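These notes concern the structure reproduced below.
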Amino acid sequence: QFTLAVVGEFSRGKSSLINAILGTPDLLPTSIKPATAAITVIRHGPAPGRASVLFKDGTTRDDVPLDSLRDYCTAPGLDGFALRSQISGTLARFRQQGREEEIPVEELERQAQEAAPRPMVHTVNVCYPSPLLSDGIVLVDTPGIGSVNPEHGEATRAFIHKADAVIFLINTDPVISASECNFLTFLQDYVSRFL
């Protein structure tokens with residue numbers, strides 16, 4: 004078995020790259036917004052392909068159809084937009100009324116805790132009949148580092164020591180970010196081959 008992990012910040016196209024490598028544009032869920040919330044391991048398996056899900060509480064669900072992966076691999080609100088909008092609306096109402104000193108900090112903290120995504124899935128294991136995977140190659144889609152939910156970066160960091168090699172995706176438009184540089188430094192302690 005040769006484990007190839009695809010890592011990078013959120014919304015860098017990790018899931019899209021894996022779909023392209025496997026020649027199946029719809030296997031893993033993709034989105035312009037951050038999407039992947041759980042480690043997703045793809046290995047060779049019989050047609051038509053199935054998945055099993057390991058939850059954080061230790062329970063599992065087997066025989067998950069591949070067209071249901073979105074229900075397990077993703078979590079809503081990974082970009083934090085809904086949370087920022089909700090808190091901004093509350094702050095704007097108090098400011099319009101001239102009641103800045105009455106802003107309910109505890110209420111805003113409660114909103115932040117409730118609105119922050121908390122994926123319950125630990126790992127999704129996908130068996131897919133791709134010739135590319137038939138010789139023991141295992142592809143791993145990881146949650147993005149720098150997500151609004153720190154658990155996603157922690158899940159990726161916790162998995163890295165299991166990888167034989169890493170493809171690290173970066174955006175070509177801006178200069179590489181500080182979090183990407185920090186993650187590359189972290190990776191050097193675990194993986195000697197980078198693409």
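If you count by our numbering, then the sequence shown holds residues 4 to 198, one letter each, in order.
In this text, a Cβ means the ideal position worked out from N, Cα and C, and glycines have one as well.
In this text, all values refer to a predicted model and were calculated from it rather than measured experimentally.
Asked: As assigned by DSSP and simplified to three states, the class of S55; Found: strand
Asked: Nearest-angstrom Cα separation, counted from M123 out to P49; Found: 27 Å
Asked: R46 versus I90: straight-line alpha-carbon distance, rounded; Found: 42 Å
Asked: C-alpha gap between L81 and E104, whole angstroms; Found: Here the model assigns L81 a pLDDT of 43, short of 50, so the residue's position is not dependable, and the following value carries that caveat. Using only the alpha carbons, I get a separation of about 31 Å.
Asked: C-alpha gap between P37 and F13, whole angstroms; Found: Residue placement at P37 is poorly supported in this model, since its pLDDT is 49, which falls under 50; the coordinates are not used for a value here.
Asked: Rounded separation between D65 and D74 - CA only; Found: 14 Å
Asked: Rounded straight-line distance, which links the Cα of P28 to that of D167; Found: 25 Å
Asked: Three-state secondary structure (DSSP) of F13; Found: coil
Asked: DSSP-derived helix/strand/coil call for P122; Found: For P122, the pLDDT reaches just 44, beneath the cut-off of 50, and the residue's location in the model is therefore unreliable, leaving the point undetermined.
Asked: One or two residues paired with R46 in a DSSP bridge; Found: C130
Asked: Presumed contact (8 Å Cβ cut-off) between A158 and P146, rounded CB distance; Found: 5 Å
Asked: Distance between E110 and L20 (C-alpha atoms, nearest Å); Found: 41 Å
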